[in-house]
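Novice:
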Amino acid sequence: MQITTKIIFGHLIRWLLILLACSIIYSALFSQSSIRVEKVAQHALDMMESPYAPISLKSKTGQGYELLLIVDRKHELQHQLFVKRSLGFFWSFRGGGFGMMLDPQIILSFRMGMSTFGKYRHYYAVGQLNDPNISRVQIAWWDGYEQDALMKDGVYLAGRSIRSSTKEQSASRMNKVYAYDANGQLLYELNDEQREIKADAKSETEMKEAT
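Using the working numbering, the letters of the sequence shown map in sequence onto residues 269 to 479.
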């Protein structure tokens with residue numbers, strides 16, 4: 269009886285030590301993580317002292333990473349955040365850009381960014397679109413890869429990853445953005461040099477074409 273009690277007590281001590289070790293590892297690796305990606309996004313906004321706003325778009329970029337596009341119409345701000353899922357459950361914030369201003373006068377805009385995680389470079393293209401005739405936005409990356417962007421709430425988002433040792437972006441080739449209507453007619457085109465079209469600029473162009 270005494271031996272059995274010692275065995276049970278030994279097992280309890282062993283499991284307590286295992287639980288303690290797991291708690292320490294969890295605290296070290298996932299203290300800023302959550303099983304809800306919305307909570308991670310809110311924590312990231314809190315760190316940057318930005319007001320809460322909902323996630324508008326999500327794009328998987330590869331290797332467990334996702335890019336979140338957050339639109340804050342109340343404060344006319346746009347944020348893009350990289351998050352990663354670990355162990356299939358826990359989301360963690362991995363960086364991003366905050367505080368890009370929204371401009372209702374912009375018909376179409378284009379902004380590109382990149383972050384390196386491990387052996388991969390994760391690229392993204394984001395922008396505003398305020399023309400209701402736009403039904404599809406396509407990104408033509410510098411390496412020839414074409415990708416349809418996600419669209420919602422007057423913004424668009426596209427993301428991808430490339431292994432760092434394979435392709436480097438050529439300075440001689442541009443990224444381009446094409447906006448089409450429902451019939452596939454090209455409405456607007458942007459690139460690395462021309463990154464936005466505003467309503468007043470469009471009106472001036474139309475007036476020149478009319479004359």
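For glycine and all other residues, C-beta sits at the position ideal for the given N, C-alpha and C.
For Trp409, which residues of its own chain have a beta-carbon under 6 Å away from its beta-carbon, when the five flanking residues on both sides are left out?
Specialist: Cβ within range, chain order: Asn443.
Novice: Return the chain-ordered list of same chain residues with a C-beta closer than 6 Å to the C-beta of Gly380, the five sequence neighbours on each side being excluded.
Specialist: In the sequence as presented, Gly is not what sits at residue 380; that position holds Met. If we look at Met380 and ignore the five residues flanking it on each side, its Cβ neighbours are Ala393, Asn443.
Novice: Does the pairing of the segment 323-336 with the segment 420-434 give three or more beta-carbon distances under 8 Å?
Specialist: Contact holds: three or more Cβ-Cβ distances are below 8 Å.
Novice: Can you tell which of Val351, Gly367, Arg282 has the C-alpha that lies nearest to the C-alpha of Glu317?
Specialist: Comparing Cα positions, the closest option is Gly367.
Novice: On the DSSP bridge list, what partners appear for Asp340?
Specialist: Leu345, per the DSSP bridge assignment.
Novice: Check whether chain C comes within 8 Å of Asp340, counting only Cβ atoms and requiring the distance to be less than that.
Specialist: Going by chain labels, chain C is absent from the structure shown, which holds only one protein chain.
Novice: Quick one: measure Cβ to Cβ for Arg480 and Tyr448, integer angstroms, because I've assumed they're closer than 8 Å.
Specialist: The question about residue 480 has no answer here: the residues shown for the chain are numbered 269 through 479.
Novice: Identify the residues that DSSP records as bridge partners of Asn459: which are they?
Specialist: Paired residue(s): Lys444.
Novice: Rounded to the nearest angstrom, what separates Gln396 and Lys342 at their Cα positions?
Specialist: Distance between the alpha carbons of Gln396 and Lys342 is about 16 Å.
Novice: Compute the Euclidean distance between the alpha carbons of Ser471 and Lys352, then round it to the nearest angstrom.
Specialist: In this prediction, Ser471 scores a pLDDT of 48, lower than 50, which makes its location untrustworthy; the coordinate-derived value is nonetheless stated afterwards. If I take the Cα positions, the gap works out to 43 Å.
Novice: Among Ala312, Ser354, Glu344, which residue has its Cα nearest to the Cα of Leu336?
Specialist: Out of Ala312, Ser354, Glu344, Ala312 has the C-alpha closest to the C-alpha of Leu336.
Novice: Quick check on Gln331: does DSSP put it in helix, strand or coil?
Specialist: Gln331 falls in the coil class under three-state DSSP.
Novice: Using 8 Å for Cβ pairs, my map puts Glu464 next to Ile374. What's the rounded Cβ distance?
Specialist: Yes, they are in contact, since the Cβ atoms of Glu464 and Ile374 sit about 6 Å apart, within 8 Å.
Novice: If I measure Cβ to Cβ from Arg441 and keep anything under 6 Å in the same chain, skipping five residues before and after, which residues do I get?
Specialist: Excluding sequence neighbours, Arg441 sits near Trp410.
Novice: By the three-class DSSP mapping on this structure, what secondary structure does Glu306 have?
Specialist: In this structure, Glu306 counts as helix in the three-state DSSP scheme.
Novice: Given this structure, state the Cα-to-Cα distance separating Leu340 from Leu280, to the nearest angstrom.
Specialist: A small correction: the amino acid at residue 340 is Asp; Leu does not occupy that position in the sequence shown. Taking the straight line joining both Cα atoms gives about 51 Å.
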